Amino acid sequence: MPQVNIIRITETDSTNRYLSALCTKQKVAELTTVLADYQTAGRGQRGNSWEAERSQNLLFSFVLYPSFLEAKKQFLLSQIASLAIKEELDNYSEGFSIKWPNDIYWLEKKICGILIENDLTGSYISQSISGIGVNINQDSFHSSAPNPVSLKQITGKSQDAESILRSILNRVSDYYAMLRKGETTKIAERYHASLFRRNGMHPYIDKAGQFTAEIIGIAPEGYLILLDESGTERKYAFKEVSYLLNNH
Ligand code: BTN
611 MPQVNIIRIT
621 ETDSTNRYLS
631 ALCTKQKVAE
641 LTTVLADYQT
651 AGRGQRGNSW
661 EAERSQNLLF
671 SFVLYPSFLE
681 AKKQFLLSQI
691 ASLAIKEELD
701 NYSEGFSIKW
711 PNDIYWLEKK
721 ICGILIENDL
731 TGSYISQSIS
741 GIGVNINQDS
751 FHSSAPNPVS
761 LKQITGKSQD
771 AESILRSILN
781 RVSDYYAMLR
791 KGETTKIAER
801 YHASLFRRNG
811 MHPYIDKAGQ
821 FTAEIIGIAP
831 EGYLILLDES
841 GTERKYAFKE
851 VSYLLNNH
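So the numbering used here is basically just the index in the sequence shown, starting at one, shifted up by 610.
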């Protein structure tokens with residue numbers, strides 16, 4: 611089991627930003643993790659903010675240096691982070707899945723968000739910071755996030771956030787070793803098997819409007835491939851399509 615260095619801080623603007631600044635200042639070992647009790651400017655996908663009550667949740671970032679990985683394969687980094695978290699949460703309940711590209715859902719609700727920021731050198735990835743927010747013990751949510759849920763709300767009891775973090779990091783380390791060995795098919799298959807709405811027809815919306823489709827695959831570059839009701843294949847990059855959720 612790897613000995614991961616965890617830097618604990620009471621408060622920062624964003625653990626992604628904190629870790630990135632640290633990496634510019636000094637040499638930081640791979641998998642070093644910054645864990646904060648609270649973020650004053652937590653960053654989310656699509657320029658959103660990430661809100662989490664003080665000391666109730668997991669707010670952390672870890673760094674990798676996957677210089678063996680071509681930039682066009684960067685979606686594998688999303689896949690390994692998502693799988694590590696989803697599979698750890700599976701120990702607590704049924705019903706977890708990965709909502710493409712890299713949210714973790716419990717039924718129709720979001721328990722975890724991931725923000726990965728990569729630095730490229732030429733066509734390879736020199737540094738990758740994965741920032742992860744997992745709702746652990748928060749009892750209620752007041753922000754504009756549409757459908758949050760915490761592990762405590764799911765299981766009915768408080769959970770030990772730090773031991774969950776350690777297990778997630780161990781799983782990340784195992785998946786990262788698989789990635790290094792080039793076992794990308796195995797990673798992609800597991801990711802696909804864990805997808806939210808993996809089976810059946812579901813409603814989606816793109817810039818042309820609403821439609822119903824089923825997931826037929828994820829391209830290696832991370833595109834979502836859907837087959838709509840008329841039998842047409844549609845391929846989407848992140849942000850080009852949204853899922854219509856049942857609680858909206
Ligand atoms: C999303 O929008 O779903 C991604 C949210 C990512 C939030 C985490 S919390 C820890 C890390 N630091 C940040 O500023 N963001 C990520």
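Idealized CB from N, CA, C, for every residue including glycine. Fair warning: this is a prediction, and the values are worked out from it, not measured in the lab.
Residues near residue i by beta carbon distance below 6 Å, same chain, minus five either side
{"i": "Phe672", "result": "Leu641, Thr643 and Ser740"}
{"i": "Asp730", "result": "According to the sequence as given, residue 730 is Leu; it is not Asp. Correct list, in chain order: Ala681."}
{"i": "Glu661", "result": "Ser753"}
Nonlocal neighbours in the same chain, by C-beta distance under 8 Å from residue i, ignoring five residues either side
{"i": "His802", "result": "Arg808, Gly827 and Ile828"}
{"i": "Ala823", "result": "Met811, His812, Tyr814, Leu836, Leu837, Asp838, Glu839 and Arg844"}
Residue closest to residue i, alpha-carbon to alpha-carbon, out of the options
{"i": "Ile708", "options": "Asn615, Leu805 and Glu772", "result": "Leu805"}
{"i": "Thr726", "options": "Ser753, Leu686 and Leu779", "result": "For the sequence presented, residue 726 should be read as Ile rather than Thr. Closest by alpha carbon: Leu686."}
{"i": "Glu850", "options": "Trp710, Tyr648, Ser783 and Tyr785", "result": "Trp710"}
{"i": "Thr765", "options": "Thr634, Ser692, Arg800 and Ile721", "result": "Ile721"}
{"i": "Arg664", "options": "Gln655, Ala651, Ala787 and Ile825", "result": "Ala651"}
{"i": "Ile742", "options": "Ile695, Ser760 and Gln748", "result": "Ile695"}
{"i": "Leu645", "options": "Ser773, Ile797, Glu793 and Gly832", "result": "Ser773"}
{"i": "Gly657", "options": "Ser692, Gly723 and Asp647", "result": "Gly723"}
{"i": "Ser624", "options": "Gln613, Met788 and Leu668", "result": "Leu668"}
{"i": "Phe678", "options": "Phe821, Thr794, Asp816 and Lys767", "result": "Thr794"}
{"i": "Gln769", "options": "Tyr702, Gln820 and Tyr785", "result": "Tyr702"}
{"i": "Leu674", "options": "Gln737, Val782 and Phe848", "result": "Gln737"}
{"i": "Asp713", "options": "Pro830, Gly732 and Ala691", "result": "Ala691"}
{"i": "Asn728", "options": "Glu621, Asn626 and Ala787", "result": "Asn626"}
{"i": "Tyr833", "options": "Ala798, Gly819 and Gln748", "result": "Ala798"}
Reduced DSSP secondary structure (H/G/I, E/B, other) of residue i
{"i": "Leu693", "result": "helix"}
{"i": "Ala646", "result": "strand"}
{"i": "Phe672", "result": "strand"}
{"i": "Val759", "result": "coil"}
{"i": "Ile764", "result": "helix"}
{"i": "Val744", "result": "strand"}
{"i": "Leu855", "result": "coil"}
{"i": "Lys791", "result": "coil"}
{"i": "Phe706", "result": "strand"}
{"i": "Leu779", "result": "helix"}
{"i": "Glu718", "result": "coil"}
{"i": "Asp770", "result": "coil"}
{"i": "Asp749", "result": "coil"}
Cβ neighbours of residue i in the same chain (closer than 7 Å, five flanking residues each side left out)
{"i": "Asn757", "result": "Glu718, Lys719, Lys720, Leu855 and Asn857"}
{"i": "Tyr734", "result": "Ser677, Leu679, Glu680 and Ala681"}
Distance cut-off 7 Å: residue i Cβ against heavy atoms of ligand 2
{"i": "Asn658", "result": "Ligands displayed in this structure: ligand 1; ligand 2 is not among them."}
Residue i, enclosing beta strand (DSSP E) - first and last residue
{"i": "Asp838", "result": "Leu834 to Asp838"}
{"i": "Ser659", "result": "No beta strand (DSSP E) contains Ser659, which DSSP labels as neither H nor E."}
{"i": "Thr620", "result": "Ile616 to Thr622"}
{"i": "Gly819", "result": "Gly819 to Ile828"}
Terminal residues of the alpha helix (DSSP H) in which residue i lies
{"i": "His802", "result": "Thr794 to Ala803"}
{"i": "Ala631", "result": "Thr625 to Lys635"}
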